[in-house]
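Last residue of the sequence shown? That's 733 in the numbering used here, and every number before it is there in order. All C-beta atoms, glycine included, are put in the ideal place defined by N, C-alpha and C. Structure first, then comments.
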Amino acid sequence: MTIARPRVIRGAGAIRSVVGMTTTAPRDTAPASRAIRFFRFPLVWLVIGIVAVGAFSVFAGASPAIALGTSALALVVYWAVMRFVAGRRMPELALRTAGRDALIGAAVGAGFFAVSVGAIAALGGYHFTFDGAAGLRALPELIAVTIAGAVTEELMFRGLALQAIERLGGKWIALGITAVLFGLVHGANPGASLWSDVAIAIEAGGLLGAAFLWRRSLWLVFALHATWNGLEQAIGIPVSGHRDPGLAITSVHGPAWLTGGAFGMEASVITVVISLALTAALLIASGRRARAAVSD
C-alpha cells in the first residue's frame with residue numbers, strides 16, 4: 438500500500454498567498470470593529486444619549502398624561518442607547534431593587550425637605566396658608582410634572598453624564614463636573630443668580646450625584662429628586678424659580694440668604710448647609726459599600 442505524502446507548498450509567493458488567505462477575513466471586519474469602538478467611547482454615547490433623552494424633556498411641563506408618557510419613552514430611549522450604542526449592561530435600572538431603592542430615595546428627599554423647611558420656618562422665614570380645594574385640583578399635574586422632570590434630568594445627568602465621565606476620569610471628577618453642569622443649566626430659570634447656580638450645584642448636583650454613587654440606582658435618584666420638587670411645590674414654595682399651584686400658599690419673610698428669595702428654597706444658605714452634611718454622609722456610605730463589595 439502506498440502512503441501519499443503531504444504536499445509541501447514552496448516559494449515565497451506561495452507563502453504570501455497562504456498568509457494572504459488567512460488574513461483576508463480579519464481585514465474585512467476591521468471597519469465594523471472600528472465603528473463599534475467609536476460608538477462605545479463614553480463621550481460618543483453620552484452625546485447621543487443626551488440628545489435623544491433631552492428631546493423628551495420639553496414635554497415635562499405638558500398635560501399629566503403626556504408628561505408621564507414621554508418620561509416613560511425617555512426611559513426606553515436611555516435603555517436603547519446604553520444597550521445598542523454603549524454596549525453595556527444597566528444595573529442602575531435593575532427592577533428587582535427598584536421598589537426598595539425608590540422608597541429609600543423618597544425617604545431621603547422627604548427628610549431633607551422637612552429639615553430644611555422646618556429650620557427656615559423656625560427662623561421666621563416661611564408662613565403657610567393651606568388651600569385644599571385649589572391644591573387638590575392641581576395635584577395630578579403636580580405629580581406628573583415632578584415625576585417627568587425628575588426622570589428626564591436624572592437620566593441625562595446621573596445616568597448618562599456621570600457614568601460616562603466616571604469611565605474617563607473617575608468618580609470624583611464625574612461628581613464635580615456633573616454638579617457644576619447641573620447648576621449652570623438652572624441659570625436661565627426665573628430669579629436665578631450666580632449664587633443660586635452655586636447653591637443648585639452643591640445641594641442638588643452634589644447630593645443627587647452622591648446618592649447615585651451610594652447605591653448605583655437611578656430609581657433612588659428619580660424618587661429623591663421628585664419628592665423634593667413635589668413637596669416644595671405642594672406647600673407653595675418656588676421650585677428653582679418656578680411657582681406653580683400647590684396645596685398651600687407660602688408667604689416669605691426675611692432676607693434672601695434665609696428664604697432663598699424668588700428662586701425658592703434651593704437658594705437658601707440653610708438648605709445648602711444641610712445638603713452638605715447629607716452629601717458627606719452619602720459619600721461615606723458609598724465608600725463603605727464599595728469597600729465591602731471588593732472584600733466580598
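Specify the secondary structure class of residue i as computed by DSSP and reduced to three states.
| i | result |
| --- | --- |
| V676 | strand |
| S723 | helix |
| V689 | strand |
| V471 | Checking the sequence shown, residue 471 turns out to be Arg, not Val. Helix, per DSSP. |
| W482 | helix |
| P463 | The predicted model places P463 with a pLDDT of 49, which falls under 50 and marks its position as unreliable, so this point remains unresolved. |
| A717 | helix |
| A441 | Unreliable positioning characterises A441 in this predicted model, as indicated by a pLDDT of 48, which lies under 50. A coordinate reading is not provided. |
| L512 | helix |
| V663 | The sequence given here has Ala at residue 663, not Val. Here A663 sits in helix by DSSP. |
| P682 | coil |
| R652 | helix |
| V495 | coil |
| S705 | coil |
| G506 | helix |
| M458 | Only weak support is given to the placement of M458: the predicted model assigns it a pLDDT of 44, under 50, and the value that follows is read from those uncertain coordinates. In the structure shown, M458 sits in a helix (DSSP, three-state: H, G or I). |
| F698 | One point to set straight first is that residue 698 is Gly, not Phe, in the sequence displayed. Reduced to three states, the DSSP call for G698 is helix. |
| R728 | helix |
| S500 | coil |
Below 8 Å on the Cβ atoms is my guess for residue i versus residue j; work out the distance and round it to an integer in Å.
| i | j | result |
| --- | --- | --- |
| G678 | A629 | 6 Å |
| L684 | A671 | 5 Å |
| R638 | V617 | Contrary to the premise, residue 638 reads as Ala rather than Arg in this sequence. Sure, about 5 Å apart at Cβ, within 8 Å. |
| G561 | G643 | Contact doesn't hold; Cβ gap of about 28 Å is too wide. |
| I602 | I707 | Wrong, their Cβ atoms sit about 30 Å apart, outside the cutoff. |
| F659 | G542 | 7 Å |
| V588 | S688 | Actually they are not in contact, since the Cβ atoms of V588 and S688 sit about 32 Å apart, beyond 8 Å. |
| V635 | G620 | 6 Å |
Note to self: Which runs of the alpha helix (DSSP H) at least 4 residues long sit entirely within the region 521–589? Give them in chain order.
What the structure shows: Runs found: 535–559.
Notebook entry, point to check: Is the region 590–608 close to the region 490–503, with three or more CB pairs under 8 Å?
Noted result: With the cut-off at 8 Å, the region 590–608 and the region 490–503 touch.
Item checked: Given 8 Å, three or more beta-carbon pairs between the region 701–719 and the region 576–588 -> With the cut-off at 8 Å, the region 701–719 and the region 576–588 do not touch.
Check: Within the chosen definition, does the region 648–655 reach the region 525–536 through at least 3 CB pairs nearer than 8 Å?
Finding: Verdict: yes, contact present.
Check: What alpha helix (DSSP H) runs, 4 residues minimum, are completely inside the region 582–649?
Finding: Every alpha helix (DSSP H) of 4 residues or more that sits fully in the region 582–649 is shown, in chain order, as 600–606, 608–622 and 631–637.
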